[in-house]
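In our numbering, the protein residues as written are 3 to 465.
All C-beta atoms, glycine included, are put in the ideal place defined by N, C-alpha and C.
Predicted model only: the values in this text are computed from it and were never measured.
The structure appears right after this line, and notes come after that.
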Amino acid sequence: MLRAFIFFVLVGACSDMRFWDGLVGKEESSDDAVAASDQPEVGSSQPVNEMDKSDAVLPSPPAVSPPRLTALALASDSTCALVAGKLKCWGRGERGITGQGHTNSIGDNPQEMGDNLPAVELGTGEVVASFSGNYRHVCALLATGSLKCWGRNDDGQLGLEDSDDRGDDADEMGDNLPAINFGCGRSVKSVATGRGGAFSCAVLDDGSVKCWGNNRYGQLGQGHSDFIGDNPREMGDNLPAIDLGTGRTALSVAVGNTFVCALLDDKTVKCWGSVINGQPVGDGAGEMGDNLPTIDLKSDSLPMAIGAGVGYACVLFEDEQVSCWLTDRARAYAVEALNVGEGRKVKKLSVGGHHGCVILDNDALQCWGKNAFGQLGRGNTYDAGNINGSVDSWGNNLVTVDVGAGRVAETVVAGSYHTCAILDDDSLKCWGANYAGQLGLGHTDKLGDEENEMGDDLPALDI
Ligand SMILES: [Ca+2]
Ligand SMILES: [Ca+2]
Ligand SMILES: [Ca+2]
Ligand SMILES: [Ca+2]
């Protein structure tokens with residue numbers, strides 16, 4: 003009886019933090035200390051390399067230092083950048099995605115960027131470690147290991163057990179924005195919010211994966227298709243970790259439009275959601291765990307990073323080559339190697355909505371796929387190859403994006419219809435679609451679709 007009572011108190015304490023706070027007062031801050039020492043990794047929908055990981059957890063530099071850009075995420079038609087531990091978002095403001103308490107677009111008119119754009123308020127003293135942007139919501143992983151999401155919430159994608167948008171009205175951000183409850187003692191290592199799908203996933207400190215939000219295609223991996231996170235008592239310990247197979251944990255996850263792919267601890271890749279032959283996987287019983295097959299990546303090298311777009315996914319292998327495949331429900335094409343040129347190696351990969359970009363070992367930035375808005379930065383609107391890299395025309399027609407005389411890109415992020423790069427002088431340049439001011443240049447003209455818009459003609463953003 004006594005044992006049962008103790009068990010009840012322990013479980014009860016974890017599932018009700020207010021009760022726990024009242025009972026032990028200061029105890030919670032020691033949890034925070036443990037979480038803070040377990041530094042979150044950079045995790046967004048685009049893969050990043052080791053250099054990014056160390057950069058992204060740097061503490062805020064002294065006030066005399068110039069702003070240090072460390073990471074980027076591109077939502078559908080908005081953009082966020084991490085500047086010295088603070089997040090700034092601009093572009094379409096619909097549903098509160100810029101986190102400014104209104105829904106106006108930012109960056110489409112003059113005088114809206116730079117010092118005129120306040121950082122997103124995420125709580126007193128909070129430092130952002132990494133973040134990920136989706137169609138209409140953004141999630142920020144704080145240095146403490148907690149996760150806060152804002153923007154559109156009709157499918158529960160903010161993980162707050164309701165469906166109210168956050169960031170579109172006053173007093174919803176900062177300390178008023180709750181962190182997502184992932185269960186007793188759990189903190190977050192990385193987050194991915196994907197391309198257009200109204201859901202999100204996090205890799206937790208123990209290597210488990212939890213996803214929440216829209217679940218139409220079983221992409222939350224729970225054996226049903228009910229949305230999770232939009233109703234009370236669906237998060238925290240009530241949301242089981244996804245069954246990745248016996249003994250398996252995840253190194254990272256990539257979230258596409260209607261599917262999720264996970265890079266597992268044994269360097270295999272598993273995908274679920276709308277991934278195989280028109281049949282959703284993960285919405286019915288017995289489809290996950292050991293029953294979910296790994297992807298045949300057709301390489302002797304092991305994958306070290308993974309990315310997902312609209313209906314396709316790519317891996318960056320340890321031998322610095324890239325392969326992609328279509329995950330589309332109707333097609334499920336086989337994995338194919340991306341042709342980046344004879345002898346070339348890929349340092350960085352970013353998978354966008356319908357286009358992708360790589361930075362090669364010779365510092366060349368190259369993009370492939372859809373180009374209707376000039377997002378490939380080629381001065382035209384011709385598509386280059388297919389998104390799965392299956393068309394040779396890309397490999398035989400390599401075009402290096404001109405980011406300016408003497409400049410090279412250190413980080414690239416492909417969005418839905420635009421692309422941004424952090425250059426070696428810490429400046430930020432963006433090109434492609436700009437109808438909502440997502441390029442942050444004070445106008446709405448698309449750039450990169452015509453001659454004389456790239457290189458030195460393309461201004462750096464004032465952030
Ligand atoms: Ca505006
Ligand atoms: Ca609201
Ligand atoms: Ca629900
Ligand atoms: Ca143009």
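- At least one heavy atom of ligand 2 sits closer than 8 Å to the Cβ of R168.
- A residue is called buried when at least 16 other Cβ atoms come within 10 angstroms of its Cβ; P120 does not meet this threshold and is exposed.
- The beta carbon of D79 lies closer than 6 Å to those of G93, R94, A438 and Q440 in the same chain, with the five residues before and after it left out.
- DSSP places I361 in the uninterrupted beta strand (DSSP E) bounded by H357 to L362.
- A check of alpha carbon separations from K431 across L460, C326 and K448 identifies L460 as the nearest.
- Fewer than three Cβ pairs drawn from the stretch 281 to 290 and the stretch 306 to 319 lie within less than 8 Å of each other, which leaves the two stretches out of contact.
- Note that the stretch 248 to 261 touches the stretch 190 to 197; at least 3 beta-carbon pairs, one per stretch, sit closer than 8 Å.
- Ranking C91, E163, D365 and Q102 by CA distance to the CA of N216 puts E163 first.
- Distances from the CB of I389 to the heavy atoms of ligand 1 are all 8 Å or more.
- Excluding sequence positions up to five before and after T126, its CB lies within less than 8 Å of the CB of G176 and D177, all in the same chain and listed in chain order.
- Secondary structure of G313 (DSSP, three-state): coil.
- Here the residues close to ligand 1, judged by CB distance below 5 Å to any of its heavy atoms, are S107, D110 and N111 in chain order.
- For F229, the shortest C-beta to heavy atom distance toward ligand 3 is below 8 Å.
- Per DSSP, P180 lies in no beta strand (DSSP E) and is assigned neither H nor E.
- Taking the Cα positions, L294 is about 18 Å away from R218.
- If you draw a 10 Å sphere on the C-beta of R235, you find fewer than 16 other C-beta atoms in it, and that means exposed.
- Non-local beta-carbon contacts of D156 in its own chain, meaning distances under 6 Å to residues more than five positions away in sequence, involve S165 in chain order.
- Here A386 is buried. Its C-beta has 16 or more other C-beta atoms within 10 Å.
- Looking at the backbone, the Cα of S418 and that of G116 are separated by about 24 Å.
- Not one heavy atom of ligand 2 is found less than 8 Å from the C-beta of E96.
- The C-alpha of V360 is placed about 12 Å away from the C-alpha of T421.
- Distances from the alpha-carbon of G209 to those of A181, D245 and D232 put D245 closest.
- Counting along the chain, the unbroken beta strand (DSSP E) around C91 starts and ends at K88 to G93.
- DSSP places P282 in the uninterrupted beta strand (DSSP E) bounded by Q281 to V283.
- For T81, the enclosing beta strand (DSSP E) stretches over residues S80 to V85.
- Taking each of A252, S352 and H357 in turn and checking the Cα distance to A75, the smallest one comes out for S352.
- Between L71 and I424, the C-beta spacing is below 9 Å.
- Fully contained in the stretch 94 to 148 are the following beta strand (DSSP E) runs of length 3 or more, in chain order: 130 to 135 and 139 to 144.
- For G238, the three-state secondary structure derived from DSSP is helix.
- Around the beta carbon of D173, fewer than 16 other beta carbons lie within 10 angstroms, which makes this residue exposed.
- In chain order, the residues with a C-beta atom nearer than 6 Å to some heavy atom of ligand 4 are D447, K448, L449, D451, E452 and E455.
- Beyond the five residues adjoining it in sequence on each side, S325 comes within less than 8 Å, by CB distance, of L299, K300, S301, C316, V317, F319, V337, E338, A339, L340 and G391 in the same chain, given in chain order.
- Of the residues assessed, G249 falls on the exposed side of the cut-off, its CB having fewer than 16 other CB atoms within 10 angstroms.
- Of the heavy atoms belonging to ligand 3, none sits nearer than 8 Å to the Cβ of D117.
- A direct Cα-Cα distance of roughly 17 Å separates L463 from A407.
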